[in-house]
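Q: Before I ask anything, here is the structure I am working with.
There are 2 protein chains.
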Amino acid sequence: MDELPVSRLVRLSVLALGLSACTVGVRRAPPVRAGASGTEQSRAFVAQATAAADRIAAASDDAPTAAWYRLAELVDDFGSRITGSPALDQALAWAATQMRTDGLDDVRLEPVKVSHWVRGRERATIVRPVTRELALLGLGGTVGTRASIRAPLAVFDDLDALRASTASLDGAIAFVNHRMPPFDDVHDDPGYLRGVQARLRAASEAAKRGARAVLIRSVTATSLRTPHAGALKYDDGVPKIPAAAVSIEDAELLARLARRGPVEVELSLGARTLPDAPSANVVGELRGRELPDEIVLLGAHMDSWDVGPGASDDGAGCVAVMEALRLLRQAGLTPRRTIRAVLFTGEEYGLSGAKAYHERHRSERHVAAFETDYGMAAPDAIGVGGEAGMAAMQPLLPAFGRFGIRRFRDHAFGADVEPIVGDGAAAFNLQPDGHHYFDIHHTAADTLDKIRPEDLRRNAAAIALLGWVLAER
Amino acid sequence: MDELPVSRLVRLSVLALGLSACTVGVRRAPPVRAGASGTEQSRAFVAQATAAADRIAAASDDAPTAAWYRLAELVDDFGSRITGSPALDQALAWAATQMRTDGLDDVRLEPVKVSHWVRGRERATIVRPVTRELALLGLGGTVGTRASIRAPLAVFDDLDALRASTASLDGAIAFVNHRMPPFDDVHDDPGYLRGVQARLRAASEAAKRGARAVLIRSVTATSLRTPHAGALKYDDGVPKIPAAAVSIEDAELLARLARRGPVEVELSLGARTLPDAPSANVVGELRGRELPDEIVLLGAHMDSWDVGPGASDDGAGCVAVMEALRLLRQAGLTPRRTIRAVLFTGEEYGLSGAKAYHERHRSERHVAAFETDYGMAAPDAIGVGGEAGMAAMQPLLPAFGRFGIRRFRDHAFGADVEPIVGDGAAAFNLQPDGHHYFDIHHTAADTLDKIRPEDLRRNAAAIALLGWVLAER
Chain A
1 MDELPVSRLV RLSVLALGLS ACTVGVRRAP PVRAGASGTE QSRAFVAQAT
51 AAADRIAAAS DDAPTAAWYR LAELVDDFGS RITGSPALDQ ALAWAATQMR
101 TDGLDDVRLE PVKVSHWVRG RERATIVRPV TRELALLGLG GTVGTRASIR
151 APLAVFDDLD ALRASTASLD GAIAFVNHRM PPFDDVHDDP GYLRGVQARL
201 RAASEAAKRG ARAVLIRSVT ATSLRTPHAG ALKYDDGVPK IPAAAVSIED
251 AELLARLARR GPVEVELSLG ARTLPDAPSA NVVGELRGRE LPDEIVLLGA
301 HMDSWDVGPG ASDDGAGCVA VMEALRLLRQ AGLTPRRTIR AVLFTGEEYG
351 LSGAKAYHER HRSERHVAAF ETDYGMAAPD AIGVGGEAGM AAMQPLLPAF
401 GRFGIRRFRD HAFGADVEPI VGDGAAAFNL QPDGHHYFDI HHTAADTLDK
451 IRPEDLRRNA AAIALLGWVL AER
Chain B
1001 MDELPVSRLV RLSVLALGLS ACTVGVRRAP PVRAGASGTE QSRAFVAQAT
1051 AAADRIAAAS DDAPTAAWYR LAELVDDFGS RITGSPALDQ ALAWAATQMR
1101 TDGLDDVRLE PVKVSHWVRG RERATIVRPV TRELALLGLG GTVGTRASIR
1151 APLAVFDDLD ALRASTASLD GAIAFVNHRM PPFDDVHDDP GYLRGVQARL
1201 RAASEAAKRG ARAVLIRSVT ATSLRTPHAG ALKYDDGVPK IPAAAVSIED
1251 AELLARLARR GPVEVELSLG ARTLPDAPSA NVVGELRGRE LPDEIVLLGA
1301 HMDSWDVGPG ASDDGAGCVA VMEALRLLRQ AGLTPRRTIR AVLFTGEEYG
1351 LSGAKAYHER HRSERHVAAF ETDYGMAAPD AIGVGGEAGM AAMQPLLPAF
1401 GRFGIRRFRD HAFGADVEPI VGDGAAAFNL QPDGHHYFDI HHTAADTLDK
1451 IRPEDLRRNA AAIALLGWVL AER
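Put into structure tokens, the structure is as follows:
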């Protein structure tokens, strides 16, 4: 999962609610229609869905660890898969082969040019009032420092404090120490959407005030001295300054030292942006039996950051989508509409896969677009964009319940499918238990051991059922 | 907290139970005497202890964050404090200054020669069947590799499997993948004592079978790709081979790859052992008003591993002991016996501070020896060596309860005080909530932010009360 600015999250809900009313050219087919034709039709469909769930469950029971072993192959053979890397190319080719093995229709690699940012060597050290190495990661897309920068630190508690500051930061390294709170059980909120703002925006905000570089606190509530990567956004017309994230532990140290007196940091980032590189989205389908030109998109993204194998973000999502189609095929469930798996490239940095897909396929009729990019913890919820969709889904909850889905939530997010949703497709996404997703997000610890085979299996089955439901009505 | 072989843990309990009966020269004064003189005397003492607790609480309330800020100074100014490092020297001198500031009696640095092992540069890479860097830490005391070693990996599920193996490991790198289970709530057991055996013993066990080097899985149940340091023990007469711990994530990766076919690893450790270095134990006292030659020892250790500032292991212990004496003095509680704070050096590697203290002070009458070296999470228990001690302590539980102590446990451990306990002193230790101690133990994440000021404050107050109780009866 890449950064989702708040505006995007909200927009997806709004779009899904009723964008067809206010956007030219939108063709939106509510994929699950309750109401008018009545309760009877609805009941019949629930029965059909329950029968489909039975068949999906049987297919899943036949090979309960298949998806997990496939994910092991992906992360172990290729490792981290940042855009521009040979590992990403290999993983995309591998995925196409897997889809063909599964017997999907029209499996292909659709070429996409992707951003090609490389980290290089990087290092940061507190040099005053003590000498201490910092655990850090340059942010995705940052410029390098050329030579190292040694500068006094100016500490801000959060992005708002930096924005509110009128003092000059001339020659300083700005440090934004926004503390992401622990998972909020009451609001079922990991605090990421607010937490990520500093990562996205601090560089340009600091640059406007004359800063030479910026450090942020890693966007997480939990750390074992774990820095978190992730993209930044440079504003147009503002100098691009180097930007990196330090671990929570080091952020606290910097803040404590700064309360006692001047702090100086030496920062060296070897980051560079190379010319765009060739890449591809991987597409494979279950062709619809009645309405093959109406598409239910099931998406995930294959690229990761460079510091870990991206098992949860989003290798597991890719494997779950592949598994969902495999299960449907295995179960002999040929859907009415076409179910299309899309493994996007370039989600983490630039969304070039999403843009290219939209460009190429915008004229096709997408009735729904689903993404799984929120980890693969225990099944919990499916996000549904819009109240009408919620009402229509609700009777189907028991069918999903057998795979651990215990609720539908009234918002959906997924950066890759946003352009398609923007054109009017109904939005859905997978929302497994989110308590620990951001502990490992964009870190070297986003590894296979964090994912239970049974969670992956059940989520994949739920996605299969969702695909069937959306394609069948 | 250093490695405590199981035998030591058990011995401490046994010793405390009744070693005076079977060891020559032991002079053991049960510090809390119930029984004979009867319930009335006991009641009077409980009332006295309750009054002492009131005064300690009042002193603590006066400066509730004093200890935490002192700990911040320690870890921020000096950082990690491995034996032989200038940081350890500076921290020891600082501690003596702090104790003098607190008005303790006879504060001094008692010279000790300590082991001087240095890590050097280190690196390990899977080179077959894929290329992947490993997150690792050479074990304390390991020999280096000179040039790098490239060798096939031989995987064992645990130390027993390695010991049971009769195959030659000639030329291989042995890998012991013992999985430390999550904290066992039923038995209140972190699983460390079993888990640590591979760290201690794998090198010599593997060397006996011809291995060129050994890797172990880090001794933890929780990881964010976090390798854990800690000492090993080389057996006499067995070749010393290089040894390092990999993160849980990398251990799982190695195990998965090995199930698929041959794995080769390239390992390079720059570790060296230098000549022993000068260091010191820091000693300071509250002189006893009636029995100044009878000593209640309150201990902790100042040295840490080199990869983190050792906030929980055992900077917090040192500060808590200092704070305990400060609180007693602040509360005007001059004890009957002498309460002696000892901040040991060299606990993590060689126990040279403990040995030197014992050598120098063995002829003194230690009635009790307490150590705090199990982190500084929420107050929970005080460990008591022996049943008789347990019975005597039990009536005092309500007095300790005000500081969060909810039980006494019938075993105590503490590597530094073991020789003194071996001579007959009653054993005690602090056992805060242990759920997360081994998550950060011997890692770069053993930092101040893991410690809540209120936990440190209440544990320190409990130690003060324990010191008073042991010194007063």
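Taken in sequence, the protein lines are chains A and B.
Numbering follows this note's numbering, in which position 167 of the first sequence is assigned residue number 167; successive positions increment by one, without gaps.
Numbering follows this note's numbering, in which position 95 of the second sequence is assigned residue number 1095; successive positions increment by one, without gaps.
The C-beta atom is built at its ideal place from N, Cα and C for all residues, glycine as well.
1) If I follow the unbroken alpha helix (DSSP H) through glutamine 98 of chain A, where does it start and stop?
2) Using a Cβ cut-off of 7 Å, pull out every chain B residue sitting near alanine 72 of chain A, in sequence order please.
3) Residues in its own chain within less than 6 Å of glycine 350 of chain A by CB, not counting five upstream and five downstream?
4) What are the residues that DSSP puts in a beta bridge with aspartate 184 of chain A?
5) Let me know the secondary structure DSSP gives glutamate 1359 of chain B once reduced to three states.
6) To the nearest angstrom, report how far apart valine 1026 of chain B and aspartate 1423 of chain B are at their CA atoms.
7) Using only the alpha-carbon positions, how far apart do arginine 43 of chain A and serine 85 of chain A sit?
8) Name the DSSP bridge partner or partners of glutamine 1041 of chain B?
9) If we define contact as Cβ-Cβ less than 9 Å, is aspartate 1235 of chain B a contact residue for chain A?
10) Between which residues of its own chain and leucine 1294 of chain B is the CB-CB distance below 6 Å, once the five residues before and five after are set aside?
11) What are the start and end residues of the alpha helix (DSSP H) that includes isoleucine 149 of chain A?
12) How big is the Cα-Cα spacing for proline 1432 of chain B and alanine 58 of chain A?
13) What are the boundary residues of the beta strand (DSSP E) that includes isoleucine 241 of chain A?
14) Let me check one thing: in DSSP terms, what residues is glutamate 110 of chain A bridge-paired to?
15) To which residues of the same chain is serine 80 of chain A closer than 8 Å at the C-beta, ignoring the five residues directly before and after it?
16) Which residue's Cα is closest to the Cα of glutamine 1394 of chain B: B/Phe1403, B/Arg1402, B/Arg1407?
17) Exposed or buried, what is serine 247 of chain A when buried is set at 16 or more other beta-carbons lying within 10 Å of its beta-carbon?
18) Give the residues of chain A in contact with isoleucine 1082 of chain B, contact being defined as C-beta atoms less than 8 Å apart.
19) What residues match up with phenylalanine 408 of chain A in a beta bridge as DSSP calls it?
20) Anything in chain B within Cβ reach of alanine 167 of chain A, meaning under 9 Å, just list it in chain order.
21) Based on Cα-Cα distance, which residue from A/Arg150, A/Ala464, A/Trp117, A/Leu139 lies nearest to arginine 128 of chain A?
22) With a floor of 3 residues, list each beta strand (DSSP E) that falls wholly inside the segment 300 to 347 of chain A, ordered by position along the chain.
23) Counting only runs of 4+ residues fully inside the segment 230 to 275 of chain A, write out the alpha helix (DSSP H) ranges in chain order.
24) Kindly indicate if chain B contains any beta-carbon less than 9 Å away from that of glycine 261 of chain A.
25) Are alanine 251 of chain A and leucine 267 of chain A close, meaning C-beta to C-beta below 9 Å?
26) Which residues, in order along the segment 380 to 400 of chain A, keep a beta-carbon less than 8 Å from a beta-carbon of chain B?
27) Hey, does glutamate 1249 of chain B have any beta-carbon neighbour from chain A nearer than 9 Å?
28) Just checking my contact of isoleucine 1173 of chain B with arginine 1199 of chain B at CB under 8 Å: how many whole Å lie between their CB atoms?
29) If the cut is a Cβ gap below 8 Å, which residues of chain B does leucine 253 of chain A touch?
30) Taking only the alpha-carbon atoms, compute the straight-line gap between glutamate 290 of chain A and alanine 471 of chain A and give it to the nearest angstrom.
31) Where does tyrosine 1069 of chain B land, buried or exposed, given buried means 16+ other C-beta within 10 angstroms?
32) Along chain B, in chain order, which residues have C-beta atoms closer than 9 Å to that of glycine 79 of chain A?
33) Quick check: the Cα distance between aspartate 158 of chain A and arginine 194 of chain A, rounded to an integer number of angstroms?
34) Name, going along the chain, the residues of the segment 1421 to 1445 of chain B whose beta-carbon falls closer than 8 Å to a beta-carbon of chain A.
35) Show which residues of chain A have a CB atom less than 7 Å away from the CB atom of threonine 1226 of chain B.
A: Straight from the coordinates:
1) 86 to 101
2) The contact set of alanine 72 of chain A on chain B, defined by CB atoms closer than 7 Å, consists of Arg1256 in chain order.
3) Ser115
4) A/Asp189
5) Residue state, collapsed to three classes: helix.
6) In this predicted model, valine 1026 of chain B has a pLDDT of only 28, less than 50, meaning its place in the structure is not dependable enough to derive any value.
7) 50 Å
8) DSSP, once it has assigned bridges, lists no residue as partnering glutamine 1041 of chain B.
9) no
10) With the sequence shown as reference, residue 1294 of chain B is identified as glutamate, and leucine is not the correct amino acid for it. These residues qualify, in order along the chain: Arg1337, Arg1365, Val1367.
11) No alpha helix (DSSP H) contains isoleucine 149 of chain A, which is instead part of the beta strand (DSSP E) from 149 to 156.
12) Roughly 48 Å separates the two Cα atoms.
13) Per DSSP, isoleucine 241 of chain A is not a residue of any beta strand (DSSP E), being assigned neither H nor E.
14) A/Asn281
15) When the five nearest sequence neighbours on each side are left out, the beta carbons in the same chain lying within less than 8 Å of the beta carbon of serine 80 of chain A are those of Ala87, Ser304, Trp305, Asp306, Val307, Gly308, Pro309, Gly310, in order along the chain.
16) B/Arg1407
17) Result: buried.
18) Those do not exist, as isoleucine 1082 of chain B stays about 15 Å from chain A at its closest Cβ, beyond 8 Å.
19) In the DSSP assignment, phenylalanine 408 of chain A is bridged to A/Ile382.
20) Result: empty, since nearest Cβ-Cβ is about 26 Å, beyond 9 Å.
21) A/Arg150
22) 337 to 344
23) 248 to 260
24) No, its Cβ sits nowhere closer than 9 Å to a Cβ of chain B.
25) Judged by their CB atoms, alanine 251 of chain A and leucine 267 of chain A are not nearer to each other than the 9 Å cut-off.
26) Listed in sequence order: no entries.
27) yes
28) That pair is no contact at about 16 Å.
29) Asp1076, Thr1447, Leu1448
30) 10 Å
31) Residue environment: tyrosine 1069 of chain B is assigned as exposed (fewer than 16 neighbouring CB atoms within 10 Å of its CB, all protein chains considered).
32) Val1130, Thr1131, Arg1132
33) 10 Å
34) Within the segment 1421 to 1445 of chain B, the qualifying residues are Asp1439, Ile1440, Thr1443, Ala1444, Ala1445.
35) Leu224
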